[in-house]
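With my numbering applied, the sequence shown corresponds to residues 112 to 644, in that order.
For every residue, glycine included, the Cβ atom is placed at its ideal position computed from N, Cα and C.
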Amino acid sequence: MTQPISILLCALGGEGGGVLADWLVDVARHAGYPAQATSIPGVAQRTGATTYYLEIYPLPHSQLQGRLPVLGLNPLPGRLDALVSSELLETARQIGNGLASNDRTLVISASSRALTTAEKMTMGDGRRPEGPLLDVIAAHSLRHHVMDMARLCQESGTLVSAVMLGAIAGSGLLPFTREHYEAVLAGPSKAAQASLRGFASAFDLVKRQREQAQYVEQVMKPAAPAPSESSSSSESPSAVLPGDVAAKFPAVLHPLMGLAHQRLVEYQGPAYARLYVQRLERLLDAESASADTTRPVTAEATRWLALWMAFDDIIRVADLKSRASRWDRVTQEVKAKEGDVLKVYDHFKPGVPELAALLPQGLANRLLRWDRARVARGQAPWSMPLKVARHALWGMASLRLLASLRVLRPLGSRYQTEQTLIEEWLGGIEAATRLSPALGLELARCGQLIKGYGSTNERGKDNLLHILRHVCGPASKVPVAEQALAVARIRQAALQDEAGQALDQALLQHGAPARPVKEQPVLWMKNPRLLKP
Numbered sequence: 112m113t114q115p116i117s118i119l120l121c122a123l124g125g126e127g128g129g130v131l132a133d134w135l136v137d138v139a140r141h142a143g144y145p146a147q148a149t150s151i152p153g154v155a156q157r158t159g160a161t162t163y164y165l166e167i168y169p170l171p172h173s174q175l176q177g178r179l180p181v182l183g184l185n186p187l188p189g190r191l192d193a194l195v196s197s198e199l200l201e202t203a204r205q206i207g208n209g210l211a212s213n214d215r216t217l218v219i220s221a222s223s224r225a226l227t228t229a230e231k232m233t234m235g236d237g238r239r240p241e242g243p244l245l246d247v248i249a250a251h252s253l254r255h256h257v258m259d260m261a262r263l264c265q266e267s268g269t270l271v272s273a274v275m276l277g278a279i280a281g282s283g284l285l286p287f288t289r290e291h292y293e294a295v296l297a298g299p300s301k302a303a304q305a306s307l308r309g310f311a312s313a314f315d316l317v318k319r320q321r322e323q324a325q326y327v328e329q330v331m332k333p334a335a336p337a338p339s340e341s342s343s344s345s346e347s348p349s350a351v352l353p354g355d356v357a358a359k360f361p362a363v364l365h366p367l368m369g370l371a372h373q374r375l376v377e378y379q380g381p382a383y384a385r386l387y388v389q390r391l392e393r394l395l396d397a398e399s400a401s402a403d404t405t406r407p408v409t410a411e412a413t414r415w416l417a418l419w420m421a422f423d424d425i426i427r428v429a430d431l432k433s434r435a436s437r438w439d440r441v442t443q444e445v446k447a448k449e450g451d452v453l454k455v456y457d458h459f460k461p462g463v464p465e466l467a468a469l470l471p472q473g474l475a476n477r478l479l480r481w482d483r484a485r486v487a488r489g490q491a492p493w494s495m496p497l498k499v500a501r502h503a504l505w506g507m508a509s510l511r512l513l514a515s516l517r518v519l520r521p522l523g524s525r526y527q528t529e530q531t532l533i534e535e536w537l538g539g540i541e542a543a544t545r546l547s548p549a550l551g552l553e554l555a556r557c558g559q560l561i562k563g564y565g566s567t568n569e570r571g572k573d574n575l576l577h578i579l580r581h582v583c584g585p586a587s588k589v590p591v592a593e594q595a596l597a598v599a600r601i602r603q604a605a606l607q608d609e610a611g612q613a614l615d616q617a618l619l620q621h622g623a624p625a626r627p628v629k630e631q632p633v634l635w636m637k638n639p640r641l642l643k644p
């Protein structure tokens, strides 16, 4: 008995999933085949996706002699012929629902991720690793194509729906020719031409993957498993590390160090990048006696040290917002064409801490005391809302002028404070590594506590210093043999919740004092409902 071809389309909000479903139905009807589509709305933002279910009968109306097949309205577990998704985690989620099977289902998925709300809320790195998601796809599909749909969309200037249509057409799943698909997309508008370009890019990519897989199956022994049809994501070329620096460090560190070195040169200049290298040399020397030639302490500190040294301030923000690459990116995102008028406004709200960070220590302290006195009197912290027209001459000039203050950054109080804290952290790692490489590695991993800006950044630094001084410092009451495990558990607790309750509990469990309670002003607010007119 001939069965309909069942397809489940998964798309996030605004990606054109409904348009893709309509295109496929139109293609089927244009080719003379029965087709039917239904949709199930998803919830808002990234906690779900809208799914579209299609069934296409593989025989044309001309062979059915007036009979019409009965098509289903919803997918059945394990009976899908194709699962097509625009997001990697959504693909794995649908597979987890039991809809795909390794003896029937073709899976077409984007390799890109849209982070979920739960992933963003995590204090540490809450992103789900991509490796297990790809393993799930490979284990529960007959064939699969995982591709960088975001790159194809950017290159062709279209939405992901056109790219997904091209991937479906290139897979050979449906009994339609390429001309059937292109006839539905064709039109005189620029949007139609962009859709055709995105369609062609995905079609050619999937077709090449099929041809390569078929060739490999022919030349390999029958007993050998067929290779995956997943497209290997193109790796961006890593920054080149200077030769004299590369000669001092293991080759495994060169790619990440190259990126860090390049970032610090852009941030403050070659001298600042040399300071970064000198700091890593200290850690490399500290673990020179270790039998582990991969130098794990230095490798772990490589990333976190670079991120800390390139801390965000007003100068950095102005530099990033005024770069030509940002203007090009915004132009591509809004799909502005030649002759279009594009206006970009940047909103800033610097407060006293941001301004004090640029001043010498004495002036900064006076300014901070003034603001704290305002708050103690029940007033809101001082801030200065700004709206800067990035597209206007005066707006661009003001951003570039602020970015040019990079040469004065070392004179600011924030720079001096950050360097002092970095040195304390590196000194703790260095001393701990000579005592116990495992303890040095755990302290190096504590660098991930420093993130964000404002109160989040300050809280992370306070947590790191508390670990340094009370868990493994000279005043620590934790036995040396237990300090590595204690630091690891306390660090994980610090990343669990923003309030720090889990951190305080972990500190007390390992014999370290809880963090001191910080003074906070009590603000009395009037109830507007009790005010009489």
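For residue j and residue i, the rounded distance between their alpha carbons
i, j, result
"Thr405", "Ala146", "58 Å"
"Ser339", "Gly462", "With a pLDDT of 47 at Ser339, under the threshold of 50, the predicted position of this residue should be treated as unreliable, and no value is reported."
"Arg374", "Met368", "10 Å"
"Ala417", "Leu194", "41 Å"
"Ser223", "Met260", "7 Å"
"Glu529", "Asp424", "12 Å"
"Pro492", "Asp482", "6 Å"
"Arg157", "Gly124", "Confidence at Arg157 is low in this model, with a pLDDT of 49, below 50, so its placement is unreliable and no value can be given for it."
"Pro169", "Leu226", "37 Å"
"Ala435", "Ser312", "28 Å"
"Gly183", "Gly563", "49 Å"
"Ala412", "Asp236", "16 Å"
"Ser347", "Ala371", "Residue confidence is low: Ser347 scores 41 on pLDDT, short of 50, so the model does not pin down where it sits. No coordinate-derived value is stated."
"Gly283", "His256", "12 Å"
"Ser401", "Gly551", "12 Å"
"Tyr163", "Tyr292", "18 Å"
"Ser220", "Gln329", "26 Å"
"Arg178", "Tyr144", "12 Å"
"His577", "Arg414", "21 Å"
"Ala384", "Asp439", "28 Å"
"Ser515", "Gly354", "29 Å"
"Pro171", "Pro115", "12 Å"
"Ser150", "Leu619", "53 Å"
"Thr228", "Pro180", "42 Å"
"Arg321", "Arg204", "25 Å"
"Gln174", "Leu165", "21 Å"
"Thr567", "Asn185", "46 Å"
"Ala302", "Ala468", "48 Å"
DSSP beta-bridge partners of residue i
i, result
"Met258", "Ala221"
"Ser150", "Tyr163"
"Gly462", "Ser494"
"Ala193", "Ile118, Leu217"
"Ala500", "Tyr456"
Expected contact under 8 Å - CB spacing of residue i and residue j to nearest Å
i, j, result
"Val274", "Leu263", "5 Å"
"Glu102", "Ala595", "In this structure the chain extends from 112 to 644, so residue 102 is not present and cannot be described."
"Pro548", "Val408", "6 Å"
"Val598", "Cys557", "7 Å"
"Val455", "Arg501", "4 Å"
"Asp615", "Arg626", "6 Å"
"Phe360", "Leu395", "7 Å"
"Leu258", "Leu199", "The sequence as given places Met at residue 258; Leu does not occur at that position. With a Cβ gap of about 11 Å, Met258 and Leu199 do not count as contacting."
"Ile426", "Leu560", "Rounded, the Cβ-Cβ distance is 24 Å, inconsistent with contact."
"Leu253", "Asn213", "6 Å"
Close-in-space but distant-in-sequence residues of the same chain around residue i (CB under 6 Å, 5 per side omitted)
i, result
"Gly622", "Lys588, Val589"
"Ser272", "Gly127, Val130, Leu131"
"Leu191", "Ser117, Leu119, Leu210, Ala211, Thr216"
"Phe314", "Gly277, Ala280, Gly281"
"His458", "Lys498"
"Leu307", "Leu296"
"Ala335", "With a pLDDT of only 44 at Ala335, under 50, the local geometry of the prediction cannot be trusted, and the value read off the model is given with reservation. No residues qualify anywhere along the chain."
Close Cβ partners of residue i (< 7 Å) along its chain, the five nearest in sequence each way excluded
i, result
"Glu201", "Cys121, Ala160"
"Ala503", "none"
"Glu230", "Gly237, Arg238, Arg239"
"Ala305", "Ser267, Gly268, Thr269"
Residues of its chain near residue i, where Cβ-Cβ distance is below 8 Å and the 5 sequence neighbours each way are ignored
i, result
"Ile533", "Arg390, Leu416, Trp419, Met420"
"Met507", "Ser433, Arg501"
Below-9 Å beta-carbon distance, residue i vs any chain D residue
i, result
"Leu546", "The structure shown has no chain D; it contains just one protein chain."
Contact the segment 474–490 vs the segment 533–541: 3+ CB pairs below 8 Å: no
Inter-stretch contact at 8 Å, needing at least 3 Cβ pairs: the segment 473–480 / the segment 427–440: no
At least three beta-carbon pairs within less than 8 Å, the segment 135–146 to the segment 284–293: yes
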